[in-house]
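Quick notes on the structure that follows.
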Amino acid sequence: MITNDWHRRLILLILILPTIHTGCRKDPADEKGMVLRQALLSKPQTLDSGNMSDVYSMMVGGDIYEPLYTYHYLKRPYELIPLSADGMPEVSEDHLTYTIKIKKGILFQDDPCFRGSKGREVTVHDYIFAFKRMANIKFINVNWSGWQNKIVGLDDFHEYTRQFKDEYSVDYSKEVDGLLALDDHTIQIKMVKPYPQFISALADICLSPVAQEAVNYYKDEINSHPVGTGPYRLNKWHKGSYLIVVRNNNWRGEKYPTEGEPGDAEEGLLDDAGRELPFVDAVYWTIFKQQQPAWLSFQKGLLDSKSIPKDNFKEAITSETGLSEEMRERNIRLVKFVDPSVFWIGFNMKDKVLGNNLPLRKAISLAIDRERFIDIFFNGHHVAAHGFIAPGRDSYDPEINKCGYSRYDPEQAKLLIKEAELICGDSIAPLKLNMPGSGTFFTQYGQFLQRSFEDVGLTLKVDYMDLPTYMEQTAKGKSQLFASSASAVSPDSLDVLGMFATKNFAPGSNLFFYSNSEFDKLYEEGEVMFPSDQRNELYRKMERMVMEDYPAVFLNHRVSYVLYHDWNRNVKPHAFSFGLTKYRKIDVEKRNKYKDLLRSIR
Amino acid sequence: MPAYIIRRLLYMIPIVFGVLLLTFLLFNVVGADQAVYRLAGNNPTPEILDDIRHELGYDKPLIFSIDSQFVTHVKKAVTFNFGKALDKEPIIDKLKNGVPYSLALTVPMFFGIVVTSVSLAILAAFYRGTWFDRIILLICVAGMSFPYLSYIIFGQYFIAYKYDLFQIYFSPQRSIWSNAALPILIGIVVGIGGNVRFYRTVMLDEINSGYIRTAFAKGLSTRVVLFKHLLKNAMIPIITNTVLTLPYLCLGSLLLESFFGIPGIGGITLDAIESRDFSVISTMTFIFSILFVIFNLISDVCYAFADPRISFD
Amino acid sequence: MNEDNINSFQRSSLWHDAFRRLRRRKFAMVCFWIVAGYFALAVFVYIAESIDPTMSAINWKEQLGQGMEYQRPSLCSVKTIFGTNFLGQSTLISTLYGVKTALAVAFAASVISIMIGVPLGAAAGYFGGVVDDIVVWIYSTLSNIPWIILVMAFAVVLNDDKIMGGKLSGEPGVYLAIGLTSWVGICRLIRGEIIKRKESEYVLAAKAVGCSNSRIIFRHLLPNVFHIIIINFSLRFVSFIHMEVIISFLGLGDANKPSWGKMISAASSELTRGIWWEMTAATMAIFVLSLALNIFGDALRDCLDPKLRMER
Amino acid sequence: MNENIPLLSIRNLSTHFFVEEGVVKAVEDVSFDVAEGKTLAVVGESGCGKSVTALSVMGLVPESAGRVVDGQILFRGDDLLKKTESQMRRIRGNEIAMIFQEPMTSLNPVFTIGNQIVEAVKLHQGIKGEHAWSHAVEMLRKVGIADPARRVREYPHQMSGGMRQRVMIAMALCCWPSLLIADEPTTALDVTIQAQILELLRELQKQQNMSVMMITHDLGVAAENADDVAVVYASNIVETASVAAIFEEPLHPYTQGLLRSMPRLGQKMERLESIGGSVPNPLHFPQGCKFHPRCPIGVSDQRCRTQQPQLREVAPGRCAACFHAKGYGD
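The structure is reproduced here in structure tokens:
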């Protein structure tokens, strides 16, 4: 019989349903242990070291994997030191053969893919496997483009893999001449031609040792089952939401550095010198898709540190001296560091209007007030770009500001536009700029540029698009003007110079379609030169050569700001290196008192 | 009944086909090449791009061929083998991980909305024309008029941050309930307005009918008349509307999940839209549409339980 | 009197009656004037912009004060009543400009959805058979995809330059995305009404006289369901406005012009700094408009739909 | 039983509805009695306030729209209007039961008829479980439903209109009420079924010795079933009398009109007359006697146009509200 208690049943159902799938899971890392809580502003794409290219993956992956080399945590200028390698490589006279020893007794983390689930010892074959895997055409790899035509025989291997059905059926036993295992702990690598950036390239996580067992065991799921040798291992990863990494008990162990740059001792960065690493037992990475909750969480002490994203810059820093009163009350600290990067408005040199119209390009450059731009968007904390090699890189030209490539002179710009109109034969048609996003920062950036263009009598139409569309359009040369930026992955400047080489035409990195035979000749030369004053001179010459042609308006170099709570110890940002968690330390007691502090402020 | 269900399931086929065709046209025509550029890395050569296109099958004919892209698309869907997302995670794994969280968010929200709004609607209909009815209606209309995003942003800022009543953001250290409490609450508040208004008109249709008068004439109490006689008769529009509410729940969870960091499928979908991961979007669309068809079927079957006059023969 | 006249007589009395009732509802009329005010504002912004985009009253780009900085709301000038945004641009003017954006999108989307939904619904209902099957198939397919995903998918696709060379990106993309996905409701409604009415006396009479099918649909059937279209229009309008806000928030709209969604998106991360005015201004603008539209739409429905009228 | 106190006695009852356009005086200063064991027919055109009178007695006037503004409803001498809602609930369906005009909609379509009968039995009689069900079956048998044990588990839509009305009667009578209010019980039914239902009602009335207040627009129905008749026009009672008296000598012109419009056996008539004009709008009743615009006498009489005649005893046991009625006086 139907009774009137169906709604009571409904309520019961509501109570029962959810318990079916979420029995309260207990966390592996208890609150009592030392847990570092970090924010990621986007989800990591993968934790497969072989296919990592985005910053967020590397931020997490850096703690799990160990490439051969890395940068010193404290020393500046940045210095490469061995990580899993045993000492720096022996390089042959002709700079073509590298002999590298690796540390003995490095174990992979324990994982079911190994016999007995015990991590086995790492040999050089695991490094060779990483190289070969990258070359595997069936394993579509983001990093391959950078290794084409570098190592002897690797390109042949790339072609060889074409015949197989899929990634896993490729027979890796085929030898590559350039990758030789002299014994289990020594590898000899032969280059096609000198590659001066080779050692810093070996510091890239994508060349960390990979266990073939793991790849064969997990297949596609290797993305979310990293098997590494680093101080931490993945405990849980909920895609798009959070990651937990915990101490890897198989880690070989390391000590906190005993020397740094001057001032580090005063900052307390050497307090832990010589102590056994790592300090933190687990790291919780939370992925924030919206800015507001990330910011609120940091303020409430639920995150230990947070970088200030460029579009929210003004929130924390209100005065020239740095932190706002509100932040200081909460014992929040600020650390800033030069992040070698450059932002620009690029011109498509293939474009009819811009391509053969130097006065126009120059006029646009003169029309933009970089200081004002930095004032508005970064509270005056960024550095105006006079060239494209950023401060902090080894061939940065301290004299370049004297060349006046980044002058603001709207009057002269107007004159130049008259000249440009003569070349054009008509008044300048409205220009179109592609913007790689439609968020608040981008629209405001766009508005600023439109205004600057208007002031000198040009019309700019801004097309705000999503990143993938932008990338596709730019790579296909369909954009006219485009806003873009580049961050350095190593102190070497060859990568930014490469953006102007004819052989790197888009879809390569030369999105400007800038072509200059003289420059190309110098580039060929510079590619094989090892760091030296002579090379720096060459690079600077090349930089000026490009600047004279105005293929882009270079705007600013970023200075990054990181906020952290005072219980978070040993915080020193690093421009190139990942895997810094092992140095971090948390004063748990202090953190627990933060709630009281907040209450007292309120 | 089984014959009816089978007939309805067969009726699903053209619809599912339509959905697949639409998603294919929408996304494969536009989106395929973007993925190629993404996978190619920093400084690729055109040859590398072609290699990738070949490996992903983007060089095959679009529709008119045995192994055309469309056939692959359909094959993937009907075998529930959706392939990999741009981040190389199998899409099916994404679903498996996300569904429990989404359910933990939407199921309480859903029942919260239905139970509250039906009860309020019954009361409003019973006291129709009085100040109680008017205030309920006004609150509902006001509630519907307040923008959804403002609910979320103000809610997160004031309720969670300023007054510290709920969690600001998802944290794996806490139970899903403490994480989901505020989004559920916001979802319910947002959802009630329109529903109460609709259910009230449904109830008004019914409350003037003869059987209600009869029930009162029998000497039954108001509670029994409203919650037994009235409610059971209003079930059909309620069930129908409940199914219609599901897309809004889906919208709800999309933004709520993204603001509160709940790792459900709504967040995954929004992510995919932002990163233009078309294989994920089309899978989600497909899955949701299948769910819709099934829910529609369930609601039709429910009609039979709610109303003896309906038969499936 | 021929059947045409009778028809139009009945209709005019329905409308006449409805407006008489509507006028008696004071509150609904207040709401009507609010909505009318919004529309007038939108039209004003549209005209002013086409005459001179730098006109001071609508120039949201204008920077107030010295630096490009947030300014708190102050009463010293009309433009700073709601303070300014990040670049020192008046929040008030942006909000007012947002009226145009929102109404243009909602209006265009409504028109598109009616232009698609009504003829398809009428044809399906009237002709039945294969036509009906096809229309029902199309709209079942669409209605089986969650609206929000569909709208976003359309918006993404229409923003792409492979479709019409990117001409549809920005605002037209939003119109179309909402319009192309939201005609299902009205189509279904009209189809049902037409099926209900196609056997009625006046249609049979018209058929007997030898009217063509299109004449029957457009002269006899559609005018009789016109009030349903109006009711649907007024009530859907609100949801379109909210949809536009979400679409702009997600960055799928036209980023070149101020819109409420963009304002909310810009302001959401600034609340912690105590910058509440941008968020509040946009929220209130949406709230007042939707509230007025909702109340007026309800009143209109009560007055136009005789079935509900009898209930009172 | 005390013969002097009528079972139900309505005194000066006024029930008003408040709508947007004004006040609808649906029942205005109505008084009549229903004697123990007798049947009173309340006769009038539709919309004249008969049903509202019945609902007022039941206490079922929709709260939001209208209410009893004045008068008394004495049931066994107690004023029902002074009773609380829970006291009324104990009377409703138990002591006073009601059946409605539309058997199609008056039964809840989603419950079995047994369920609906049992509900009342359980509530008022305290009979539980199987007993209640067997009582329901018994009641169904009593109202002449074949195979009641099976029918009790059926839904209303599985039955014909006449059967449904029988179910309604069974439901109303299952608690042995002392007063049954039948609101146009046969209007919606076929003529043959009408007769059966009325026959059934008469029979059951005799069996259970209850009073019936029968609301109808059909004088014929009243003639066959009622002991007394009250004629209602435009919210007022215009005439009360015993059935025999009414048919013999209708005093009010409206009653006369009603009678003339009724076909009679044995009398050969060329054609039926109808009352000219239409029922006045309850929002705007005419001044004076509400019937005067339609009344052959009143239309030209100054007094009828300005003054409203009160209901007055014009002869022993009968009252009328017309200045021109025999015995009305001045």
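Residue numbers (our numbering), protein chains in the order written: chain A, 826 to 1427; chain B, 292 to 604; chain C, 53 to 364; chain D, 24 to 353.
All residues carry an ideal CB built from backbone N, CA and C; glycine is no exception.
As the structure is a computational prediction, the values presented were derived from the model and not from experiment.
Any chain C beta carbon closer than 7 Å to residue i
i	result
B:Tyr448	yes
A:Ser1263	yes
A:Tyr997	no
Continuous alpha helix (DSSP H) stretch holding residue i: start and end
i	result
A:Val1371	Asp1358 to Asp1374
C:His279	Leu274 to Phe301
A:Glu1349	Ser1342 to Glu1352
B:Pro391	Ile382 to Phe417
A:Ile1214	That residue, A:Ile1214, is in no alpha helix (DSSP H); it is neither H nor E in DSSP.
B:Asp424	Trp422 to Ser436
A:Gln1013	Per DSSP, A:Gln1013 belongs to no alpha helix (DSSP H); it is in the beta strand (DSSP E), Thr1011 to Lys1015.
Pair within 7 Å by beta-carbon distance, residue i and residue j
i	j	result
B:Ala416	B:Arg491	yes
D:Ala64	D:Met237	yes
C:Thr143	C:Glu330	yes
A:Val1160	A:Val1384	no
D:Ser265	D:Lys48	no
A:Leu803	A:Gln1305	Lying before the first or after the last residue shown, residue 803 of chain A is absent from chain A, which here runs from 826 to 1427.
A:Glu891	A:Gly1078	no
A:Phe1307	A:Gly1171	yes
Min CB distance residue i to chain A below 7 Å
i	result
B:Asp342	yes
C:Ala318	yes
C:Thr324	yes
B:Pro293	no
Residue i at chain B interface by Cβ criterion, 7 Å
i	result
A:Thr871	yes
D:Gly243	no
D:Arg176	no
A:Val1040	no
A:Gly1286	Note that residue 1286 of chain A is Lys in the sequence shown here, rather than Gly. Cβ-Cβ to chain B under 7 Å: no for A:Lys1286.
A:His1063	yes
Residue range of the unbroken beta strand (DSSP E) whose run includes residue i
i	result
B:Leu518	Reading the sequence as shown, one finds Phe at residue 518 of chain B and not Leu. Premise fails: B:Phe518 is in no beta strand (DSSP E) and is neither H nor E.
B:Tyr490	That residue, B:Tyr490, is in no beta strand (DSSP E); its alpha helix (DSSP H) goes Ile467 to Ile498.
A:Ala820	Nothing about residue 820 of chain A can be reported from this structure: the residues present for chain A run from 826 to 1427 only.
D:Gln95	Gly89 to Phe98
is_contact[residue i, chain D] using C-beta, thresh 7 Å
i	result
B:Tyr502	yes
Check: Is there contact between the region 337-355 of chain C and the region 456-476 of chain B, where contact requires at least three CB pairs shorter than 8 Å?
Finding: Three or more beta-carbon pairs separated by less than 8 Å are not found between the region 337-355 of chain C and the region 456-476 of chain B, which leaves the two stretches without contact.
Next item on the list: Say whether the region 50-67 of chain D touches the region 106-118 of chain D, bearing in mind that this needs 3 or more beta-carbon pairs closer than 8 Å, one atom from each stretch.
Entry: Touching, no.
Item checked: Every unbroken beta strand (DSSP E) inside the region 225-275 of chain D [3 residues or more] -> DSSP runs (the beta strand (DSSP E)) wholly in the region 225-275 of chain D: 234-239, 251-256 and 259-265.
Notebook entry, point to check: If we count Cβ pairs, one from each stretch, closer than 8 Å, do we get three or more for the region 1190-1201 of chain A versus the region 1337-1357 of chain A?
Noted result: Taking 8 Å as the limit for Cβ pairs, the verdict is that the region 1337-1357 of chain A does not touch the region 1190-1201 of chain A.
Item checked: Contact between the region 220-234 of chain C and the region 152-164 of chain C (3+ Cβ pairs under 8 Å) -> With a cut-off of 8 Å, the region 152-164 of chain C and the region 220-234 of chain C count as touching, because enough Cβ pairs lie within range.
Check: Per the contact definition of three or more C-beta pairs closer than 8 Å, is the region 1198-1212 of chain A in contact with the region 1392-1402 of chain A?
Finding: Counting C-beta pairs closer than 8 Å gives fewer than three between the region 1392-1402 of chain A and the region 1198-1212 of chain A, which falls short of the contact rule.
Next item on the list: Examine the Cβ distances between the region 1059-1066 of chain A and the region 1097-1105 of chain A and report whether three or more of them are shorter than 8 Å.
Entry: Segment contact: the region 1059-1066 of chain A against the region 1097-1105 of chain A, fewer than three CB-CB distances shorter than 8 Å; contact not assigned.
Next item on the list: Can you check the region 44-84 of chain D for any beta strand (DSSP E) of at least 3 residues that lies completely inside it and give the ranges in chain order?
Entry: Those beta strand (DSSP E) runs which fall completely within the region 44-84 of chain D and span 3+ residues are 45-57 and 62-66.
Next item on the list: Taking 8 Å as the threshold, find out whether the region 495-512 of chain B comes into contact with the region 116-135 of chain D through three or more Cβ pairs.
Entry: Touching, per the Cβ criterion.
Margin query: For the region 562-582 of chain B against the region 390-407 of chain B, do three or more pairs of beta-carbon atoms, one drawn from each stretch, fall closer than 8 Å, so that the two count as touching?
Written below: Contact annotation: the region 562-582 of chain B does not touch the region 390-407 of chain B, with fewer than three C-beta pairs closer than 8 Å.
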